[in-house]
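Right, one structure below, let's go through it.
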Amino acid sequence: MKVRDGFLFFLAFLLVFCVLPSTSEVITLTENTFSDKVKEKDTVWFVKFCVPWCKYCKKLGTLWDDLAGVVEREDEIEIGQVDCSTDKPVCSKVDIHSYPTFKVFYDGEEVAKFKGKRDVESLKAFVLEEAEKAANREQDSERDSL
């Protein structure tokens, strides 16, 4: 019986950690955390701004979670979200007037606003391109300061 229990435990372990796809975390940003998080050095933040009652936000379904799962292997890219119904000061500060809005931040500054097709591949391509641009700007700035 002990061998069988051990085998079942091993199968459960494999199922949970090896077979099931891992999901990356979408980080909820609030009035208390937003500024500090988007200022993290060498980190690109791709942030979705929504409200719970918006039909277009609801229509996104699991898109943002799916994107987080796809880019989780990318260094220095974080996927965040802000609920503008509870964190209005954040949304006002970054000039959000319609929902959903997707913006990229680097070193505390807004660097781009997404206006393309709302699917995982388009969002991924956009944030990867913006991350590369941010890294290049950083390298150019460091070179200029020498």
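Numbering-wise (UniProt numbering), the sequence shown opens with residue 1 and increments by one.
The C-beta atom is built at its ideal place from N, Cα and C for all residues, glycine as well.
In this text, all values refer to a predicted model and were calculated from it rather than measured experimentally.
Own chain, CB closer than 6 Å to valine 38, minus 5 neighbours either side, in chain order: On the sequence shown, residue 38 is found 38 positions in, with the first residue counted as 1. Once the five neighbours on either side are set aside, the close Cβ partners of valine 38 are Trp45, Phe105 and Gly108.
Helix, strand or coil at lysine 117 [DSSP, three-state]: Within the sequence shown, the letter at position 117 stands for residue 117. Lysine 117 falls in the coil class under three-state DSSP.
For cysteine 84, the three-state DSSP class (helix, strand or coil): Reading the sequence shown from its first residue, position 84 is the one you call residue 84. Of the three classes helix, strand and coil, the one that applies to cysteine 84 here is coil, per DSSP.
Segment contact flag, the stretch 68-87 with the stretch 47-57, C-beta cutoff 8 Å, min 3 pairs: yes
Cβ pair proline 89, cysteine 54 closer than 8 Å: On the sequence shown, position 89 is the one that residue 89 refers to. On the sequence shown, position 54 is the one that residue 54 refers to. Not closer than 8 Å, so no.
8 Å Cβ shell around threonine 28 - same chain, five flanking residues per side excluded: In the sequence shown, the residue the question calls residue 28 occupies position 28. Cβ neighbours of threonine 28 beyond the five flanking positions: Gly80, Gln81, Val82 and Asp83.
Alpha-carbon spacing of aspartate 42 relative to asparagine 136, whole angstroms: In the sequence shown, the residue the question calls residue 42 occupies position 42. In the sequence shown, the residue the question calls residue 136 occupies position 136. If you take the alpha carbons of aspartate 42 and asparagine 136, they lie about 11 Å apart.
Rounded separation between cysteine 57 and glutamate 129 - CA only: As a working mapping, residue 57 is identified with position 57 in the sequence shown. As a working mapping, residue 129 is identified with position 129 in the sequence shown. About 24 Å.
Of the listed residues Glu132, Ser92, Glu31 and Glu138, nearest to glutamate 74 (C-alpha basis): Here residue 74 corresponds to residue number 74 of the sequence shown, with the count starting at 1. Among Glu132, Ser92, Glu31 and Glu138, the Cα nearest to that of glutamate 74 is on Glu132.
C-alpha distance - serine 98 paired with valine 127, whole-angstrom precision: Position 98 of the sequence shown, counting from 1, holds the residue named residue 98. Position 127 of the sequence shown, counting from 1, holds the residue named residue 127. Those two C-alpha atoms are separated by around 20 Å.
Chain-order list of residues whose beta-carbon lies under 8 Å from that of lysine 59 (same chain, five-residue window excluded): Against the sequence shown, residue 59 aligns to sequence position 59. Once the five neighbours on either side are set aside, lysine 59 has no close Cβ partner at all.
Distance, leucine 123 Cα to alanine 134 Cα: By one-based count along the sequence shown, residue 134 stands at place 134. By one-based count along the sequence shown, residue 123 stands at place 123. Taking the straight line from one Cα to the other gives about 16 Å.
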